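**Q**
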Amino acid sequence: MTEANRRNFLKGGAAAVATGMAGCVGSLTGGGSDKLKLGAVQPLTGFIARMGNVGKEAQDVWVKHVNEQGGVEVNGSKREVDLIVYDDELKSEKTRSLAKKLATTDNVAGIIAAWSTSGALAMQSVVEDNELPTIATAQTVKINHPGSYMLRIIPSTAGDPYPLLKGVASARDDITSLGVLGREGNASQDMRDFVDYWTKNVDTSLGWKDLGTFPFGQDDFSSFISKAKNMHANGEIDALLMYVTGGNAINFLTQAERNGLNDEMPILMPSAMTDFTEISKIGAGLKNVHAASSYRPLNYLDNPDVKQNVPQSGIDALKEYKSLGGPEDPIGYIHFIQARMMADAITDAGSTDGPAIRDHLVGKTRSTVVGDMTLNDSGQAALPSMVVTFTTGSSLGIDSVEWHGTIPPITNIPPETQL
Amino acid sequence: MSIAQNVINGLIQGSLYALFAASFTIIFGVMDIPNMAHGAMFAVGAYVFYQVYEILALPWFVALACSIVVVGALGAAIERGFLDRLYGRDDSEYVFGVILVTFGLGLIIERFIGQFWGYDNLVIEMPLLQDHAFLVAGVSVTLAQIVIILFGVGSFAFLYWFSNHTLMGHSLRAIVQDRELAYMKGIDVERVFLYTFVLGSAMISIAGVLYGTMFTLSPDMGFNLLIKSFIIVILGGIGSIFGAGIAGFGLGMYEAFAIAYLDSYYIFASEFLLLIAYVLLKSIVTDAETPILTKLLAYGRSQ
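Spelled out as structure tokens, the structure:
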């Protein structure tokens, strides 16, 4: 190594050490700077970048609104919000390192977005070790345990089929056995476990049959549809519960309609699978589809059935959100609620201390755009939800609300909550 | 499920594999280019068609022509710009070089598609192909599926003819067998490779378009098919166009029957097990110092 190169190397090394030291200093100062620091880890690039960017847009709208009002009240004084948003590209190793940076270098008071099962799991130990309240946008039940700092205001993978079982399968006399089809992975397995529990302990008159799993990239569902049709013809199933999302959902429903599956049996779709933006491309494929969702019906308030099932406080909150310029997308609503919930908890706690904030996030009922919501000690919200059916014209519309109620905070099987 | 239904479903699934594997056979199986960007080129074909047909609202044949031209040009650029520099290197350097270069290019192309068209699933609406369906053994078969089956079979037939009955095909085989000898015989090696690569690219663009009319478009829409194509080309016997065709439809048929009994985890795993078993058995039977086949024949004669 030449003299000059060595000097450059040493300079770089010194800079790196200094940066690291600065990080340590930051972590020692806590949330004591003038601004209230919050963090978010969003997939701003990659294959679900649209969702990450919508989420960020909603968060930006919230930050602007709050700061125009002087900031968030903490212990009697208002502090402007500094939201630090990182792009993890939906790569779990990045999610973890960025969460660590938010916790130890940026010294944020809380994290208000964390996507994907693998990402949430990757960052969990960081969040727990640093006692950093985090409202995740991942559905896996694996993040839930008593005292968890990972919290959630969307259904868990286990709780996701609840509205469909409660409001459709067990409510209708013509459904005695469900066929269950899902994409490979834990989410699909959690759904199966819950369906199994439900049929053995809650509604023993309902049975279920496993139609198997398919890989992420499956496009052709001919064999699965034939299988479902044959099981129906043999009297083995009379409805289909499917864990199919995105492009899989479009392809499945298009092919199901073409093969007349929708005419033969209802198709039930849990909320995680029901991206109305995506399935609006299907048209007639939505015939006899029953979809559960908490946030997405809010885009159809012109439907009297939907409006009737959203509390006035929620409609007012939604109006306010829209007047601020927030994106009219369920992802936006979720991120807005997450941010507001975190800020309210900080105000109630009167500090940026993690355990204190968590104490005010858990167990308290808060009003949101979809209605009142309460998080339990395992971090799961009891969540208002609906089951809707669709019109099948050229543009997507909701035909009716089949069921409306609250999904209990289900985070394990057997559930430690009243169903 | 009835056997007839499984056969129809297998034929549909197999035709999708054959659709993709046909062009991959000529590039990987015959030209020895493990083109990892093939899936991305497949997607480009579908997206260009989408752009011209859905966005610019031009007739389907114009969109198809644009798709072929764009992917063909992309293929030419990849072959001339990158692969040409790797030919003639020793085996490991060539194979890993091609895999790395084309894998990287594939990722770049997919990223570009994502940035330009977005990552949401897109849909091509062609009522002519999608809405006309026939019920065969209780399975709805659309016109698009029939076109895909015909195109899949036709592609292999065309490649077989191209490879065995055209001057270009003979030249290609000669080059693959002995590049230096081909030079000495006066074959324009660069030109034959370029034209064949462009031919494979044009075929994959049509495959992408046809696939796009049946399913949703996403930047990584070709990835799974690429993996399956490796299995198909190897099972069919590298370099064997006929074998790849049989393997493509055979794999689809296997999956259609397997779905009745196995979870998808096991289906995919079993395909690789089959591949591993094939490779191992092939080496035992044909590559050993005294091949088992020879031993068996000798034993048979002695009895």
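Chains as they are written, first to last, in numbering that gives the first Met the number 0: chain V, 0 to 418; chain F, 0 to 302.
Even glycine gets a Cβ: it sits at the ideal position worked out from N, Cα and C.
The structure presented is a predicted model; accordingly, all values stated were derived computationally and were not measured.
Just to confirm my understanding: we take F:K184, look at its own chain, exclude 5 residues before and 5 after, and list those with CB closer than 8 Å. What are they?
**A** A173
**Q** Between V:D304 and F:G137, what straight-line distance do the alpha-carbon atoms span, to the nearest angstrom?
**A** 38 Å
**Q** Which first and last residues belong to the beta strand (DSSP E) in which V:S209 is found?
**A** Before going further, note that residue 209 of chain V is Asp rather than Ser in the sequence given. Taken as a continuous stretch (DSSP letters only), the beta strand (DSSP E) holding V:D209 covers G206 to F213.
**Q** Give the list of continuous alpha helix (DSSP H) stretches no shorter than 4 residues that lie fully inside the segment 244–332 of chain V.
**A** 245–257, 260–263, 275–278, 303–307 and 311–322
**Q** For V:H403, report the span of its beta strand (DSSP E) as first-last.
**A** G396 to I406
**Q** Should the segment 67–84 of chain F be called in touch with the segment 258–273 of chain F, which here means at least 3 C-beta pairs below 8 Å?
**A** They do not touch, by the three-pair rule.
**Q** Per DSSP, V:G109 forms a beta bridge with which residues?
**A** Note: V:G109 sits in a beta bridge opposite V:L37.
**Q** Quick check on this structure: which residue in V:T405, V:P407, V:N411 and V:E401 has the alpha carbon closest to the alpha carbon of V:R171?
**A** The shortest C-alpha to C-alpha distance from V:R171 to any of V:T405, V:P407, V:N411 and V:E401 is the one to V:E401.
**Q** For a contact defined as C-beta to C-beta under 7 Å, what are the partners of F:I231 on chain V?
**A** Residues of chain V passing the Cβ test: none, with the nearest at roughly 16 Å.
**Q** Pair every Cβ in the segment 189–205 of chain V with every Cβ in the segment 215–228 of chain V, then say whether three or more of these pairs are closer than 8 Å.
**A** The answer is no - the segment 215–228 of chain V does not touch the segment 189–205 of chain V, with fewer than three Cβ pairs under 8 Å.
**Q** Over what stretch of residues does the beta strand (DSSP E) that includes V:R365 continue unbroken?
**A** T364 to T367
**Q** Helix, strand or coil for V:Y85, going by three-state DSSP, please let me know.
**A** strand
**Q** Does any CB atom of chain F fall closer than 8 Å to the CB of V:I249?
**A** For V:I249, the answer is yes, since a Cβ of chain F falls inside 8 Å of its Cβ.
**Q** Assuming V:G206 and V:T198 form a contact by the criterion Cβ under 8 Å, report the distance between their Cβ atoms to the nearest whole angstrom.
**A** 6 Å
**Q** Check whether chain F comes within 8 Å of V:M20, counting only Cβ atoms and requiring the distance to be less than that.
**A** Confidence at V:M20 is low in this model, with a pLDDT of 37, below 50, so its placement is unreliable and the value that follows should be read with caution. Among the CB atoms of chain F, none fall inside 8 Å of the CB of V:M20.
**Q** Locate the beta strand (DSSP E) running through F:G13, then write down its first and last residues.
**A** Not the beta strand (DSSP E): F:G13 falls in the alpha helix (DSSP H), residues I2 to F23.
**Q** How is F:Y197 classed by DSSP in three states: helix, strand or coil?
**A** Before going further, note that residue 197 of chain F is Val rather than Tyr in the sequence given. Here F:V197 sits in helix by DSSP.
**Q** Spatial neighbours of V:I412 within its chain, please: CB distance less than 7 Å, with the 5 preceding and 5 following residues excluded, ordered by chain position.
**A** A157, D192, F193 and Y196
**Q** With F:Y265 as the anchor, note down where its beta strand (DSSP E) starts and where it stops.
**A** No beta strand (DSSP E) holds F:Y265; the alpha helix (DSSP H) holding it covers S263 to K281.
**Q** Kindly give me the distance between the Cβ atoms of V:S377 and V:N143, rounded to whole angstroms, as I take these residues to be in contact under 8 Å.
**A** Taking the Cβ atoms as the reference, V:S377 lies roughly 4 Å from V:N143, within the contact range of under 8 Å.
**Q** Any idea which residues DSSP pairs V:M385 with across the strands?
**A** V:S292 and V:H403
**Q** Assuming V:A316 and V:V368 form a contact by the criterion Cβ under 8 Å, report the distance between their Cβ atoms to the nearest whole angstrom.
**A** 5 Å
**Q** Buried or exposed: where does F:E124 fall if 16 or more other Cβ atoms within 10 Å of its Cβ makes it buried?
**A** By the neighbour-count definition (other C-beta atoms within 10 Å, threshold 16), F:E124 is an exposed residue.
**Q** Whole beta strand (DSSP E) runs in the segment 89–144 of chain F with 3 or more residues, listed along the chain?
**A** 132–135 and 138–141
**Q** Would you list the residues sitting across from V:Y242 in a DSSP beta bridge?
**A** V:G181
**Q** I want to see whether chain V comes within less than 8 Å of F:A36, judged by CB atoms only; does it?
**A** no
**Q** In its own chain, which residues sit with a C-beta less than 7 Å from the C-beta of V:L43, not counting the 5 before and 5 after it?
**A** G51, N52, K55 and D86
**Q** Have a look at V:G29 and V:I236 and give me their C-alpha separation to the nearest angstrom.
**A** With a pLDDT of 40 at V:G29, under the threshold of 50, the modelled position of that residue is not reliable, and no figure is offered here.
**Q** Using the three-state DSSP reduction, which class does V:A135 fall into: helix, strand or coil?
**A** Looking at V:A135 - three-state DSSP - the assignment turns out to be strand.
**Q** Can you list, in chain order, the residues of its chain with a C-beta nearer than 6 Å to that of F:F161? Leave out the 5 residues immediately preceding and following it.
**A** G168
**Q** CA-CA distance, V:D159 and V:S270?
**A** 6 Å
**Q** In chain order, what residues of the same chain have a beta carbon less than 6 Å from the beta carbon of V:V60, not counting five sequence neighbours either side?
**A** L323, G324 and G325
**Q** Would you say F:T141 lies against chain V (beta-carbon separation less than 8 Å)?
**A** F:T141 has a beta carbon lying within less than 8 Å of a beta carbon in chain V.
**Q** Tell me, please, which residues DSSP counts as bridged to F:G74.
**A** None; F:G74 has no bridge partner.
**Q** So what does DSSP say about V:S176, is it helix, strand or coil?
**A** strand
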